[in-house]
Amino acid sequence: MFKLEAYSKLLVSTSVAAVVAFSVVGCMGDSTAPSGSDTSVSLDIDGGVSYPVVNNKTSDYYVNPQAIGAKINNGRVPNAAELAKWDTDLQPATELSPEGHGIPEGSGSVEDGEELYEAQCVMCHGDFGSGGGGYPALSKGNAYDLQKTLTNNRWKDPEADGPTREFGSYWPQATTMWWYIRDGMPHPFSDSLSVDETYALTAYILNINEMFVDGVEVDDEYVLDRAKFLKIVMPNVDGFEPVISGANALPVVKAYFGKASNFGGRNLNQGATRCMSDCQEPTAKIKRIQNGGIKDFIPAMNMTRDLPKKEAVAIDVKKTYTESCAMCHSAFLSPGSGDWAGYTPKGMDKVYANGINGTEGGMPAKGGADLSDADFKTMVDYLISGKIK
Amino acid sequence: MDNKKSQDLNTIDRRDFFRKAAAVSATALAGTSLLANESAGEGDPAIMHHTKWGQKWGDPVTKNQYGIPSAYEHNVIRRSTKLLASGNFRASIAVTPIHESQGIITPNGLFFSRSHGGTAHVDPNEYRLMIHGLVEKPIVLTLAELKRYPSVTRTHFIECPANGGQEWRGPQFNSVQFAKGFMASAEWTGVYIKTILEDLGLKPTAQWMLAEGSDNSKMGRTIPVDKVLDDAMIVWGQNGEALRPEQGYPVRLLVPGWEGNLCVKWLRRLEFSQEPWYCKEETSKYTDLKPTGKAIQHFYANEVNSTVTSPSPELPWTDLKEGDVVEIEGLAWSGMGTIKAVDLSFDGGKNYVNANLKGLVLSKSWTRWSYMFTIPKNFQLNGKQLLLTSRAIDDAGYIQPTIDQEIGIMGVEAVYHRNAVETWEVTEEGKVNHVQIRSV
Chain V
1 MFKLEAYSKL LVSTSVAAVV AFSVVGCMGD STAPSGSDTS VSLDIDGGVS YPVVNNKTSD
61 YYVNPQAIGA KINNGRVPNA AELAKWDTDL QPATELSPEG HGIPEGSGSV EDGEELYEAQ
121 CVMCHGDFGS GGGGYPALSK GNAYDLQKTL TNNRWKDPEA DGPTREFGSY WPQATTMWWY
181 IRDGMPHPFS DSLSVDETYA LTAYILNINE MFVDGVEVDD EYVLDRAKFL KIVMPNVDGF
241 EPVISGANAL PVVKAYFGKA SNFGGRNLNQ GATRCMSDCQ EPTAKIKRIQ NGGIKDFIPA
301 MNMTRDLPKK EAVAIDVKKT YTESCAMCHS AFLSPGSGDW AGYTPKGMDK VYANGINGTE
361 GGMPAKGGAD LSDADFKTMV DYLISGKIK
Chain L
1001 MDNKKSQDLN TIDRRDFFRK AAAVSATALA GTSLLANESA GEGDPAIMHH TKWGQKWGDP
1061 VTKNQYGIPS AYEHNVIRRS TKLLASGNFR ASIAVTPIHE SQGIITPNGL FFSRSHGGTA
1121 HVDPNEYRLM IHGLVEKPIV LTLAELKRYP SVTRTHFIEC PANGGQEWRG PQFNSVQFAK
1181 GFMASAEWTG VYIKTILEDL GLKPTAQWML AEGSDNSKMG RTIPVDKVLD DAMIVWGQNG
1241 EALRPEQGYP VRLLVPGWEG NLCVKWLRRL EFSQEPWYCK EETSKYTDLK PTGKAIQHFY
1301 ANEVNSTVTS PSPELPWTDL KEGDVVEIEG LAWSGMGTIK AVDLSFDGGK NYVNANLKGL
1361 VLSKSWTRWS YMFTIPKNFQ LNGKQLLLTS RAIDDAGYIQ PTIDQEIGIM GVEAVYHRNA
1421 VETWEVTEEG KVNHVQIRSV
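Chains as they are written, first to last, in our numbering: chain V, 1 to 389; chain L, 1001 to 1440.
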């Protein structure tokens, strides 16, 4: 294996907030990277680099130094009513914020929640939140049991069960559910449920996930209110990394993303190599698409350059009648008139044929109109019945 | 001669011409004095006959006062699939035909489109942006007031972190549009949020910013202030014009390099807080479940990545033969920095050579790369079909992992942020199929 140590050493050090100027020249002995470029970089919270302004440039872009730090003072201060109207988000109770944020007074029962669910939610989310039709499930059963499936990984056994990531088994906070129901649901008419209705629907979803609040089962008689809501502990509350709560959250997050192996990354500054030969694992082999794969593309893949096919447009019966038929047929054999009884007994094929070819009695072929046979027949049907199909 | 007749004639002549041309080129291969590419006697009807457009009036300039592509380009479009059709295609995605992309800019009409409650149509006169929370002075801005801030223009890709996320357990899409097209790139114009914060004064306890949309799902995400004070932007311009409705008209957030989902569209509110939020799309979804049972929450940057766009399943080599010289071309991108190098393998990632970067190389942007290649017999090297694999490296030091390396840490249930190398297999006929090189 070939190690590109020289390249690695040229890269920015991992020390936090280090600002290092470096240039990559003659990488790999030939210039695959842009050579001679001086770039100022520093490590950002995501583990990547940021480009501070140096000599009026950030990365390759010039900046106007007059715009940095300028006070513009546009706009106005919102009033209390405006803030209250839009500031509808919820945050959970934490050590720093024991009451959370935005969790309103109110209450709702499982019973009322079920009724609301049946009226406004079941058509998409399915019976008892089972999901379906591409819409998310809200429960797959007991939240505490299903939380244990999160270590399931269909890595080596494709037939094994995967993890169950529904509200009860996966979501870390109940505030997410309450907030999303209130502001985002139901999609065709969101922001329409009251605070009490939102508590009721949340109670119902806790119920179908077979959850407990403060040691009490959320059974069919349960009534959820703000005080109880604050005590909800989701089964998977500790299932996430890095820890994002607390006064020191950002350095914690930065340290997490500063280590490539935490998120499956490979970094030349952290022991990875730019292998150029004999690089694949010896056990690796070709895995092809199974059973044709997914190919229901909408629309189907098509690489041709041609004119789009004209889609059949339904004929405008009234307009065509006015433009091409009415001058004669308003007086004779008019739409829906009894006069047609003298012609139709010979069969519709004969009627259509006479119309399409014209008659000695004075009917021009297709009435002189530029119509397909099918469209002309539609016009004949209208003239006989007086009705537009 | 009227148009109908000339078209019919064209069809006949052209068929005849190609038959003769084929015969001639066969003769040429047999060693006659004719140049290999010399045409048959009567000539190519595309040259020999008058074209419809060459003799008649064209359209007046008053037609199409907002221009549209040629009618012949009608297949160059965003596409979707039932797999990702949630909410009757309202909580859904339509992906970009990156095999048809030129350079590093995606036309606005082809920019991939993802929404969580459908495309909202916002009246710009009623547009308001509210910024509040842990700031000294909360603020409400109209669109005109927002645009009065000093603007910056930056070229960045936006990538859905689920790009390639359907293929953790094996390849599924025989298509580069679907395997890698959950992304697009544009030149964005807007204002750095840090510029507005000069007016507002960020309180020292502020750690997080909530960004919320005004659409019916009130799409929200949490962003750390480090990024807000670095390069996060509020944008209204895309490739020199207003954002399209599908991109959040009139205003969206742009968080360069980070999950597309963080670039909240139809943006109406920013709130600063000491504690984070737990929005629906950063808890229930957009979290990476690892084999340990722990999931990464608030996952940010799209890691270094690349793909071969030509050839690809959509752009095969079926018209090429041994000895033809062809440009292999692709895209590389990293949300964590600037592309430094791209390597290309012909044996599925066993051995690599250096490819060449091409055009502008910008931070957190699509970067073009290229390699000139001579087609081998039967598209084989050392008796094996070509397996084209690209691998990119960025200036933060990140290099794309092998599939085994990535799933060794992340397992196969993570859904998001898959950036292992990907492979096209070229068949004996020059067709191109999506494969993966992996141990499980």
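Just so it is clear, CB atoms sit at the ideal spot from N, CA and C, and this is done for glycine as well. It should be emphasised that the depicted structure is a prediction, and the values quoted were computed from it without experimental measurement.
Cα-Cα separation, residue i to residue j
i, j, result
"V/A93", "V/L230", "7 Å"
"L/R1128", "L/W1266", "10 Å"
"V/A70", "L/E1198", "7 Å"
"L/G1201", "V/G102", "23 Å"
"L/E1406", "V/G265", "7 Å"
"L/G1118", "V/E166", "23 Å"
"V/A84", "L/A1211", "17 Å"
"V/A174", "V/L146", "17 Å"
"L/R1368", "V/H125", "44 Å"
"V/S50", "L/D1231", "8 Å"
"V/Y201", "L/E1126", "In the sequence under discussion, the amino acid at residue 201 of chain V is Leu, which differs from the Tyr named in the question. So the alpha carbons of these two residues sit roughly 32 Å apart."
"L/W1188", "L/T1153", "5 Å"
"L/T1106", "L/M1233", "19 Å"
"V/S37", "L/S1175", "Reliability of the predicted coordinates at V/S37 is poor, the pLDDT of 36 falling under 50, and the value obtained from them is presented with this limitation in mind. So the two alpha carbons sit approximately 36 Å from each other."
"V/Y199", "L/G1164", "38 Å"
"L/G1397", "L/R1391", "13 Å"
"L/T1389", "L/L1344", "6 Å"
"L/A1120", "L/W1333", "29 Å"
"V/G129", "V/A137", "5 Å"
"L/F1299", "L/A1046", "54 Å"
"V/G108", "L/S1115", "31 Å"
"L/A1414", "V/E221", "38 Å"
"L/E1425", "V/I289", "11 Å"
"V/L250", "L/A1144", "34 Å"
"V/R182", "L/N1216", "11 Å"
Partners in chain A for residue i, counting only beta-carbon separations shorter than 8 Å
i, result
"L/R1148", "Going by chain labels, chain A is absent from the structure shown, which instead holds the protein chains V and L."
Residue i in three-state terms, based on DSSP
i, result
"V/H280", "Checking the sequence, you will find Gln at residue 280 of chain V rather than His. Coil, per DSSP."
"V/V20", "In this predicted model, V/V20 has a pLDDT of only 34, less than 50, meaning its place in the structure is not dependable; the value taken from the coordinates is given anyway. In the structure shown, V/V20 sits in a strand (DSSP, three-state: E or B)."
"L/E1100", "helix"
"L/L1029", "Here L/L1029 scores only 49 on pLDDT, less than 50, and its place in the model is too uncertain to base an answer on."
"L/T1081", "strand"
"L/A1071", "helix"
"V/N142", "coil"
"V/Y343", "coil"
"V/F167", "helix"
"V/A119", "helix"
"L/A1094", "strand"
"L/I1105", "coil"
Option in the options with minimal Cα separation from residue i
i, options, result
"V/A314", "V/F257, V/N291 and V/A374", "V/A374"
"L/G1323", "L/S1370, L/T1374 and L/N1351", "L/T1374"
"L/R1252", "L/R1154, L/V1225 and L/G1190", "L/G1190"
"V/S337", "V/K259, V/Y382 and V/I289", "V/Y382"
"L/K1294", "V/T149, V/I388, V/I72 and V/N291", "V/T149"
"L/T1309", "L/K1290, L/Y1300 and L/L1331", "L/L1331"
"L/E1259", "L/L1289, L/Q1297 and L/Q1166", "L/Q1297"
"V/L206", "V/K140, V/F257, V/S190 and V/E159", "V/K140"
"V/P78", "L/K1137, L/V1421 and L/A1094", "L/K1137"
"V/Y144", "V/N56, V/V213 and V/Y256", "V/V213"
"L/D1404", "L/I1093, L/Y1416, L/R1438 and L/M1372", "L/R1438"
Beta-ladder partner(s) of residue i, from DSSP
i, result
"L/G1190", "L/V1152 and L/V1235"
"L/P1224", "L/W1208"
"L/I1131", "L/I1139 and L/L1270"
"L/T1367", "L/A1332"
"L/M1372", "L/E1327"
Considering only residues of the region 34-86 of chain V, which uninterrupted alpha helix (DSSP H) runs meet the minimum length of 4 residues and lie entirely inside it, listed in chain order?
-> 80-86, all fully within the region 34-86 of chain V.
Start-end ranges of the alpha helix (DSSP H) lying completely within the region 1374-1439 of chain L, minimum 4 residues = 1403-1410
Those runs of the beta strand (DSSP E) which lie wholly inside the region 1303-1357 of chain L and span at least 3 residues = For the region 1303-1357 of chain L, whole beta strand (DSSP E) runs of length 3 or above, ordered along the chain, are 1305-1310, 1325-1333, 1339-1345 and 1352-1354.
What are the complete beta strand (DSSP E) segments, minimum 3 residues, inside the region 180-244 of chain V?
-> Runs found: 223-225.
Where in the region 1157-1221 of chain L do unbroken runs of the beta strand (DSSP E), each at least 3 residues long, occur, reported from the N-terminal end onward?
-> 1183-1192 and 1208-1213
Please go through the region 312-367 of chain V and give each complete alpha helix (DSSP H) segment of 4 or more residues, from N-terminal end onward.
-> 317-320, 326-329 and 348-357
Output the residue ranges of the beta strand (DSSP E) runs that lie fully inside the region 1242-1300 of chain L and measure 3 residues or longer, sorted by chain position.
-> 1252-1254 and 1267-1273
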